[in-house]
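First residue of the sequence shown? That's 0 in numbering that gives the first Met the number 0, and the numbers climb one at a time after it. We put the beta carbon where it would ideally sit given N, CA and C, even for glycine.
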Amino acid sequence: MKNLIFLLLILIYSQNCSAQKSKKTIYLDEKNKEISKEKFKSIDKNKLYIIKSKSDNQRIKKIIYKENYSKLDSNQLNQVYSALKKIIGSDFNPNKNTLIHLFDENNKHLEKVLENERYWSWIYAHSDKIQSYVFGSKDSEIKEDITKSVFFDKYDLIKNLFITNKDFKINHVFIEPNGKIIVFYG
Numbered sequence: 000m001k002n003l004i005f006l007l008l009i010l011i012y013s014q015n016c017s018a019q020k021s022k023k024t025i026y027l028d029e030k031n032k033e034i035s036k037e038k039f040k041s042i043d044k045n046k047l048y049i050i051k052s053k054s055d056n057q058r059i060k061k062i063i064y065k066e067n068y069s070k071l072d073s074n075q076l077n078q079v080y081s082a083l084k085k086i087i088g089s090d091f092n093p094n095k096n097t098l099i100h101l102f103d104e105n106n107k108h109l110e111k112v113l114e115n116e117r118y119w120s121w122i123y124a125h126s127d128k129i130q131s132y133v134f135g136s137k138d139s140e141i142k143e144d145i146t147k148s149v150f151f152d153k154y155d156l157i158k159n160l161f162i163t164n165k166d167f168k169i170n171h172v173f174i175e176p177n178g179k180i181i182v183f184y185g
C-alpha cells in the first residue's frame, strides 16, 4: 500500500512538472522598457526588427529599429576620418559620403555584396560623391583585398564606434561629410 501511495504521488508530481503553463508575453521597446501589446502591434513593422526569446514561463518580444541616426561633432568626425584613413589609406576622401558594410562573418552574404556588379558600377559612376568599403570585423576571418575595397578591422573600431546592437552579423554605416551618421542594422 505504501508503494502504491508513493507511486501515485510521484505520478501526480511528474504531471504537475511537465504540464504546460501559459507563458506570459512581455513586449519591450528599443530601450528595454515594457510596453503594451497594443502599442507593440501599432509600430510600423517596416522600420524595425522583432527579436524574440523564450524562457520557461515567459516570451519576450523586443523592438530593434533598422536604422539609427546620430551626428558627430567636428572633433569626433576628425577622429573617425583619421582612423579610417589609417585603415583604408590614401584612397579615403573625407569630402565624400562614405558607406561602410561591416561583416562579422565570412559567408555567402559577403560574396553577394562583392559580386554585385550593379551596385559597384553605381558606386563607380558616382565616385565623385560617394565611396564604399567592405569591412570585416576582428573575428570575421575576412581576408583583406584592397582591389575589391575589402578591409580587415583588427581592432573592431567600426563595430565599437557605431554598432550599438550586436544581434546582427551584417551592418551598414553611412557617414556624410557634415558628420551625420546613419547605421542600418541587419
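Suppose you measure from the CA of residue i to the CA of residue j; what does that come to, to the nearest Å?
i, j, result
"Ile141", "Ser35", "42 angstroms"
"Lys137", "Phe39", "35 angstroms"
"Tyr123", "Pro93", "17 angstroms"
"Ile174", "Asn96", "6 angstroms"
"Glu143", "Tyr132", "11 angstroms"
"His108", "Gln130", "20 angstroms"
"Asp43", "Ile62", "11 angstroms"
"Asn77", "Ser54", "45 angstroms"
"Leu71", "Leu160", "11 angstroms"
"Phe134", "Ser126", "19 angstroms"
"Asn115", "Ser41", "36 angstroms"
"Ile145", "Ile25", "46 angstroms"
"Leu27", "Leu156", "29 angstroms"
Are residue i and residue j touching if we call contact CB-CB under 9 angstroms?
i, j, result
"Asn105", "Ser139", "yes"
"Glu66", "Ile181", "yes"
"Ser73", "Gly178", "yes"
"Glu37", "Tyr64", "no"
"Lys60", "Leu101", "no"
"Ile98", "His171", "The question names Ile, yet the displayed sequence has Leu at residue 98. Yes, the Cβ-Cβ distance between Leu98 and His171 is below 9 angstroms."
"Ser87", "Phe183", "One detail in the question is off: residue 87 reads as Ile in this sequence, not Ser. No. Outside cutoff."
For the putative contact between residue i and residue j, defined by C-beta atoms under 8 angstroms, what is the C-beta separation to the nearest angstrom?
i, j, result
"Gln57", "Lys23", "5 angstroms"
Provide the residue(s) that pair with residue i in DSSP beta bridges, ordered along the chain.
i, result
"Asp144", "Val149"
"Ser69", "Ile180"
"Glu33", "Leu27"
"Asn170", "Leu101 and Tyr184"
Evaluate the contact criterion for the stretch 50-67 versus the stretch 150-166: three or more CB pairs, one atom per stretch, below 8 angstroms.
In this structure the stretch 50-67 lies against the stretch 150-166, because at least three pairs of beta carbons, one per stretch, are closer than 8 angstroms.
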